[in-house]
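Visitor:
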Amino acid sequence: EMYKIAVLPGDGIGPEISAQAVRVLEAVARRFNRDFYFTSGLVGGAAYDETGSPLPEKTLALCRDSDAILFGAVGGPRWDHLPVNLRPEVGGILALRKELGLYANLRPVRVFPALAGASTLKPEVVSGVDLVIVRELTGGLYFGKKYREPLPDGGTRVVDTLEYTTSEIERIARVAFNLARQRRGKLTSVDKANVLESSRYWREVVTGVSRDYPDVSLEHMYVDNCAMQLVKNPKQFDVMVMENMFGDILSDQSSVLSGSLGMLASASLGGNTGLYEPIHGSAPDITGTRQANPIASILSGAMLLRFSLQLSEEADCIEKAVAETLNQGYRTADIAQPGMPLVNTTQMADQIIAQ
Ligand code: NAI
Ligand code: MG
21 EMYKIAVLPG DGIGPEISAQ AVRVLEAVAR RFNRDFYFTS GLVGGAAYDE TGSPLPEKTL
81 ALCRDSDAIL FGAVGGPRWD HLPVNLRPEV GGILALRKEL GLYANLRPVR VFPALAGAST
141 LKPEVVSGVD LVIVRELTGG LYFGKKYREP LPDGGTRVVD TLEYTTSEIE RIARVAFNLA
201 RQRRGKLTSV DKANVLESSR YWREVVTGVS RDYPDVSLEH MYVDNCAMQL VKNPKQFDVM
261 VMENMFGDIL SDQSSVLSGS LGMLASASLG GNTGLYEPIH GSAPDITGTR QANPIASILS
321 GAMLLRFSLQ LSEEADCIEK AVAETLNQGY RTADIAQPGM PLVNTTQMAD QIIAQ
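Heads up, the sequence shown is in full-length UniProt numbering, so the first residue is 21 and it goes up one at a time.
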């Protein structure tokens with residue numbers, strides 16, 4: 021069987037890291053005698069420069085025709101002056117998620133034993149952390165109406181809106197409950213129900229859905245408290261579910277547990293074709309320096325194998341190779357530790373492939 025994988029490298033370090041993830045997937049194909057067929061597509065600033073659109077029709081068609089999508093990252097200062105809908109982020113990745121109906125973003129935060137000492141947090145706080153943030157991805161604050169309007173006094177009123185419907189909350193809650201059921205059976209729903217009407221309704225709907233999952237224990241937590249709990253006692257968490265922006269912010273924060281933003285992978289599910297990408301952005305500050313950590317992208321490739329292609333043995337193989345490479349001490353700059361060999365983007369992938 022041939023599997024079609026669309027590769028959308030994007031901007032900044034996007035092409036640098038996704039090239040390494042593709043090399044690792046090719047190594048897996050050789051080892052397990054699998055047939056992966058990669059096709060690249062333009063997205064983000066790179067697509068805008070070439071075609072005038074951050075998400076060309078051709079790319080969308082490629083995605084729809086593929087079994088899975090490996091995404092790099094988009095954006096950068098070069099395109100920040102553009103009208104919002106032409107920008108790589110809103111017009112590229114946000115539009116792609118919406119077009120493909122990818123409403124469920126799974127962001128696992130696992131601390132590799134070898135990296136417990138690489139975090140800026142205490143090793144006893146982070147070692148053994150194994151949680152998943154389920155971020156609602158196609159609604160909430162990032163997709164509500166946004167506009168500016170002039171005021172008589174010469175000032176401006178700016179508006180962003182946070183909207184959800186019953187069915188949008190229900191479906192993301194079900195994804196989270198199903199995941200919790202397969203894991204340790206605990207779900208934390210994160211909101212700001214003491215202030216936001218959307219959060220009060222979120223809480224009601226999630227509580228309603230919980231009746232179908234008597235085997236999962238549900239707790240509600242305010243997002244501000246949750247931000248604190250995540251660095252104080254992260255081991256209390258199993259699966260967490262939350263609104264789009266809350267999930268964006270808390271997952272970057274959680275990356276500190278794992279040692280670096282460059283370690284965290286994600287899967288975006290819900291439509292016909294899953295999309296897999298690191299949680300980080302295009303990192304213009306290190307683009308071209310060969311310092312980018314490719315592990316987030318490589319682990320996104322493992323999630324792609326597991327969720328879209330149902331190749332779990334192959335996925336395990338990648339995850340074990342990453343763990344073993346870290347055990348051997350190889351480190352990119354973002355997870356550097358004294359006395360351990362420092363490697364660049366390609367060399368890290370070389371070691372993982374060797375494993
Ligand atoms: P960022 O995630 O690109 O970078 C934040 C910091 O983490 C930087 O210091 C960067 O060097 C470091 N970093 C990120 N990934 C790394 C890796 N793999 N290895 C080592 N270090 C890494 O966030 P920032 O700087 O706020 O945004 C840069 C651009 O990316 C912006 O245009 C932003 O809009 C865009 N962005 C795009 C996303 C996407 O395509 N899904 C997600 C987040 C941001
Ligand atoms: Mg983000």
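Don't be surprised by glycine CBs; every beta carbon is placed ideally from N, CA and C.
Remember, predicted model here, so these are calculated numbers, not experimental data.
What residues in its chain sit with their C-beta under 6 Å from that of L238, if we drop five residues either side in the sequence?
Guide: Residue 238 sits at position 218 when you count from the first residue of the sequence shown. Residues L207 and S230 of the same chain have their beta carbon placed closer than 6 Å to that of L238, with the five preceding and five following residues left out of the count.
Visitor: Measure how close the beta-carbons of A287 and M262 come, nearest whole angstrom, since I'm counting them as under 8 Å.
Guide: Taking the first residue of the sequence shown as 1, we reach residue 287 at position 267. Taking the first residue of the sequence shown as 1, we reach residue 262 at position 242. Not quite, the Cβ-Cβ distance comes to about 16 Å (not below 8 Å), so this is no contact.
Visitor: Could you spell out the range, first to last residue, of the beta strand (DSSP E) harbouring Y57?
Guide: Position 37 of the sequence shown holds residue 57. Taken as a continuous stretch (DSSP letters only), the beta strand (DSSP E) holding Y57 covers D55 to S60.
Visitor: How would you write the range of the alpha helix (DSSP H) that S38 sits in, first residue to last?
Guide: Here residue 38 refers to the residue found at position 18 of the sequence shown. Segment G34 to F52, the alpha helix (DSSP H) holding S38.
Visitor: Rounded to the nearest angstrom, how far is the Cβ of P74 from that of R107, given a contact under 8 Å?
Guide: For the purposes of this step, residue 74 is taken as residue 54 along the sequence shown, with counting starting at 1. For the purposes of this step, residue 107 is taken as residue 87 along the sequence shown, with counting starting at 1. With 8 Å as the limit, P74 and R107 qualify as a contact, their Cβ atoms being about 7 Å apart.
Visitor: With a threshold of 6 Å, establish whether the CB of D211 neighbours any heavy atom of the ligand NAI.
Guide: The residue labelled residue 211 in the question sits at position 191 within the sequence shown. No - the ligand NAI has no heavy atom lying nearer than 6 Å to the Cβ of D211.
Visitor: Note down the Cα distance separating S278 from A115, rounded to an integer number of angstroms.
Guide: Against the sequence shown, residue 278 aligns to sequence position 258. Against the sequence shown, residue 115 aligns to sequence position 95. Answer to the nearest angstrom: the Cα atoms are 29 Å apart.
Visitor: Going by the C-beta, is L281 closer than 6 Å to any heavy atom of the ligand NAI?
Guide: Working through the sequence shown from its first residue, we reach residue 281 at position 261. Result yes, Cβ under 6 Å from the ligand NAI.
Visitor: Give me the Cα-Cα distance between L80 and G148, rounded to the nearest whole angstrom.
Guide: Against the sequence shown, residue 80 aligns to sequence position 60. Against the sequence shown, residue 148 aligns to sequence position 128. Between the alpha carbons of L80 and G148 lies a gap of roughly 39 Å.
Visitor: If I measure Cβ to Cβ from D235 and keep anything under 8 Å in the same chain, skipping five residues before and after, which residues do I get?
Guide: What you label residue 235 is simply residue 215 of the sequence shown in a count that begins at 1. So the qualifying residues of the chain are R201 and G205.
Visitor: Measure from the C-beta of V259 to each C-beta in chain B and report whether the shortest distance is under 7 Å.
Guide: Protein chain content of the structure displayed is limited to a single chain, and chain B is not contained in it.
Visitor: If you drop the 5 nearest sequence neighbours on each side, which residues of the same chain put their C-beta closer than 7 Å to that of S320?
Guide: Translated into the one-based positions of the sequence shown, residue 320 becomes position 300. A41, L90, A285, S286, Y296, E297 and P298.
Visitor: Looking at the secondary structure, which residues open and close the alpha helix (DSSP H) in which R201 lies?
Guide: The residue you call residue 201 lines up with position 181 of the sequence shown. For R201, the enclosing alpha helix (DSSP H) has its first and last residue at T186 to Q202.
Visitor: Check this for me: beta carbons of G282 and D370, under 7 Å apart or not?
Guide: Your numbering for residue 282 matches position 262 in the sequence shown. Your numbering for residue 370 matches position 350 in the sequence shown. In this structure, D370 does not lie closer than 7 Å to G282 by Cβ.
Visitor: To the nearest angstrom, how far is it from the Cα of A374 to the Cα of R50?
Guide: Working through the sequence shown from its first residue, we reach residue 374 at position 354. Working through the sequence shown from its first residue, we reach residue 50 at position 30. Rounded to the nearest whole angstrom, the C-alpha separation of A374 and R50 is 13 Å.
Visitor: Please report how far the alpha carbon of S86 lies from the alpha carbon of I25, in whole angstroms.
Guide: Start at 1 with the first residue of the sequence shown, and residue 86 comes out as number 66. Start at 1 with the first residue of the sequence shown, and residue 25 comes out as number 5. Spanning the two alpha carbons is a distance of roughly 6 Å.
Visitor: Along the chain, where does the alpha helix (DSSP H) that runs through A64 open and close?
Guide: Walking along the sequence shown from the start, residue 64 turns up at place 44. A small fix is needed here, since residue 64 is Gly in this sequence, not Ala. The continuous alpha helix (DSSP H) containing G64 extends over residues G64 to T71.
Visitor: Do you know offhand how far S187's Cα is from I113's?
Guide: As a first step, residue 187 must be located in the sequence shown, where it is residue number 167. As a first step, residue 113 must be located in the sequence shown, where it is residue number 93. So the two alpha carbons sit approximately 23 Å from each other.
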